[in-house]
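J.: Quick note on UniProt numbering: the sequence shown kicks off at 1 and runs consecutively.
This structure is in structure tokens; I'll ask about it shortly.
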Amino acid sequence: MVGRGRGRRRRVLKGGRQARWAEDMLLSRSCLCQCVVILASLRKKEMLSGVVVISGKDSVQHQGLSLTVEGTVNLQLSAKSVGVFEAFYNSVKPIQVINSTIEMVKPGKFPGGKTEIPFEFPLHVKSNKVLYETYHGVFVNIQYTLRCDMRRSLLAKDLTKTCEFIVHSTPQKGKWTPSPVDFTITPDTLQNVKERALLPKFLIRGHLNSTSCVITQPLTGELVVESSEAAIKSIELQLVRVETCGCAEGYARDATEIQNIQIADGDVCRGLSIPIYMVFPRLFTCPTLETTNFKVEFEVNIVVLLHPDHLITENFPLKLCRM
Numbered sequence: 001m002v003g004r005g006r007g008r009r010r011r012v013l014k015g016g017r018q019a020r021w022a023e024d025m026l027l028s029r030s031c032l033c034q035c036v037v038i039l040a041s042l043r044k045k046e047m048l049s050g051v052v053v054i055s056g057k058d059s060v061q062h063q064g065l066s067l068t069v070e071g072t073v074n075l076q077l078s079a080k081s082v083g084v085f086e087a088f089y090n091s092v093k094p095i096q097v098i099n100s101t102i103e104m105v106k107p108g109k110f111p112g113g114k115t116e117i118p119f120e121f122p123l124h125v126k127s128n129k130v131l132y133e134t135y136h137g138v139f140v141n142i143q144y145t146l147r148c149d150m151r152r153s154l155l156a157k158d159l160t161k162t163c164e165f166i167v168h169s170t171p172q173k174g175k176w177t178p179s180p181v182d183f184t185i186t187p188d189t190l191q192n193v194k195e196r197a198l199l200p201k202f203l204i205r206g207h208l209n210s211t212s213c214v215i216t217q218p219l220t221g222e223l224v225v226e227s228s229e230a231a232i233k234s235i236e237l238q239l240v241r242v243e244t245c246g247c248a249e250g251y252a253r254d255a256t257e258i259q260n261i262q263i264a265d266g267d268v269c270r271g272l273s274i275p276i277y278m279v280f281p282r283l284f285t286c287p288t289l290e291t292t293n294f295k296v297e298f299e300v301n302i303v304v305l306l307h308p309d310h311l312i313t314e315n316f317p318l319k320l321c322r323m
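This is the structure:
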């Protein structure tokens with residue numbers, strides 16, 4: 001779930017920005033190229049360090065070995081927004097956060113067997129850019145990759161391997177202050193209802209322990225169905241991402257579901273406390289982010305389905321942070 005590809009093993013390192021430990025293999029005839037990547041903090045500077053392993057039965061002639069680090073923010077519009085913001089759609093280009101290349105080995109020959117080449121270099125972002133946290137969304141995607149290139153002669157195919165590493169944003173300074181919210185849901189509190197008189201009578205109370213959430217901690221709270229004329233089919237907790245892309249021509253805002261957790265099934269007992277508990281999935285969530293060209297926000301919906309087909313939704317904006 002943390003990355004793409006097969007044969008990968010990862011672990012999170014503590015301190016500064018963090019990354020998964022990635023191990024990938026590329027087969028090309030008798031040559032096996034394996035790349036191990038570790039992102040760590042060294043002397044208060046963001047350093048990318050690891051080792052490139054070249055192994056094979058026979059010696060390998062090459063024209064040089066290089067490493068390239070790339071970090072990009074990819075933006076795109078939903079199909080419904082293309083016609084409205086056609087000028088923006090045509091001007092969407094990836095925002096390059098970092099692009100750095102180092103030459104590890106000059107042209108020569110790798111002997112048969114196993115050769116390990118350690119590397120370490122700082123992550124220097126481009127001017128006026130920020131090293132955003134890794135995030136895989138629908139219309140906003142923030143990704144960092146390390147590419148290893150072994151150039152070979154004209155008669156031999158170049159070897160290339162790319163693997164993703166995960167960046168965590170710098171934890172916020174200061175003390176985290178929770179913002180609890182109490183809620184009451186009745187037919188009178190609902191918005192965007194066309195025929196309110198046809199709704200069955202119900203009363204649902206509850207609270208969220210905080211709508212300002214630390215991303216590494218779960219969203220918690222409780223819900224109580226005090227009364228309901230209609231039988232309850234299901235109660236669900238829905239996490240939603242709200243992604244905004246735009247420029248001078250306009251902005252497009254789209255909300256999509258990240259995950260849906262059922263917290264009650266069937267006609268629950270009246271007056272029974274139902275716990276609310278949701279873990280924020282890594283990669284698909286990140287600290288709430290707002291920049292000139294895009295925004296990434298999050299919301300949670302409490303969804304109650306009543307017989308026969310009444311759908312009740314209560315929305316709560318969330319602010320995610322990393323402490």
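Using N, Cα and C, we set each Cβ at its ideal position, and we do this for glycine too.
Distance, Cα to Cα, isoleucine 276 vs valine 304?
T.: Whole-angstrom Cα-Cα distance: 13 Å.
J.: Does DSSP put leucine 237 in a helix, a strand or coil?
T.: Reduced to three states, the DSSP call for leucine 237 is strand.
J.: What residue range is occupied by the uninterrupted beta strand (DSSP E) comprising proline 171?
T.: Looking at the DSSP string, proline 171 is not in any beta strand (DSSP E), and its letter there is neither H nor E.
J.: Can we say the region 93-103 touches the region 119-131, given the rule of at least three CB pairs closer than 8 Å?
T.: The region 93-103, when compared against the region 119-131, does touch it at the 8 Å Cβ threshold.
J.: Go ahead and pull the three-state DSSP assignment for alanine 231.
T.: Alanine 231: coil per DSSP, three-state reduction.
J.: Quick one: what's got a C-beta closer than 7 Å to glycine 64's C-beta in the same chain, skipping five residues either side?
T.: Correct list, in chain order: Glu103, Val105, Lys106, Pro107, Arg151.
J.: Quick one: using the 10 Å Cβ neighbour count with 16 as the cut-off for buried, is cysteine 269 buried or exposed?
T.: Exposed: under 16 other Cβ atoms inside 10 Å.
J.: Which two residues bound the contiguous beta strand (DSSP E) that contains methionine 278?
T.: Per DSSP, methionine 278 belongs to the beta strand (DSSP E) from 273-278.
J.: What residue range does the beta strand (DSSP E) around histidine 62 cover?
T.: Start and end: 60-62.
J.: In this structure, how does DSSP classify residue 324 when only helix, strand and coil are distinguished?
T.: Absent from the structure is residue 324, since the part of the chain shown begins at 1 and ends at 323.
J.: Is phenylalanine 284 closer than 9 Å to arginine 253 when the C-beta atoms are compared?
T.: No, the Cβ-Cβ distance between arginine 253 and phenylalanine 284 is not below 9 Å.
J.: Could you tell me which of Thr160, Tyr135, Phe139, Gly137 sits nearest to leucine 146, measuring between CA atoms?
T.: Closest by alpha carbon: Thr160.
J.: Between methionine 323 and the rest of its own chain, which residues show a CB-CB distance below 7 Å, the 5 nearest in sequence each way excluded?
T.: Result list for methionine 323: Pro171, Gln172, Trp176, Val214, in chain order.
J.: Can you look up phenylalanine 294 in the DSSP assignment and give me helix, strand or coil?
T.: Strand at phenylalanine 294.
J.: When burial is assigned at 16 or more other CB atoms within 10 Å of the CB, is glutamate 195 buried or exposed?
T.: It counts as exposed.
J.: Using three-state DSSP, classify cysteine 264 as helix, strand or coil.
T.: Checking the sequence shown, residue 264 turns out to be alanine, not cysteine. Alanine 264 falls in the strand class under three-state DSSP.
J.: Counting pairs of Cβ atoms below 8 Å between the region 232-241 and the region 186-193, do you hit three or more?
T.: Not touching, per the Cβ criterion.
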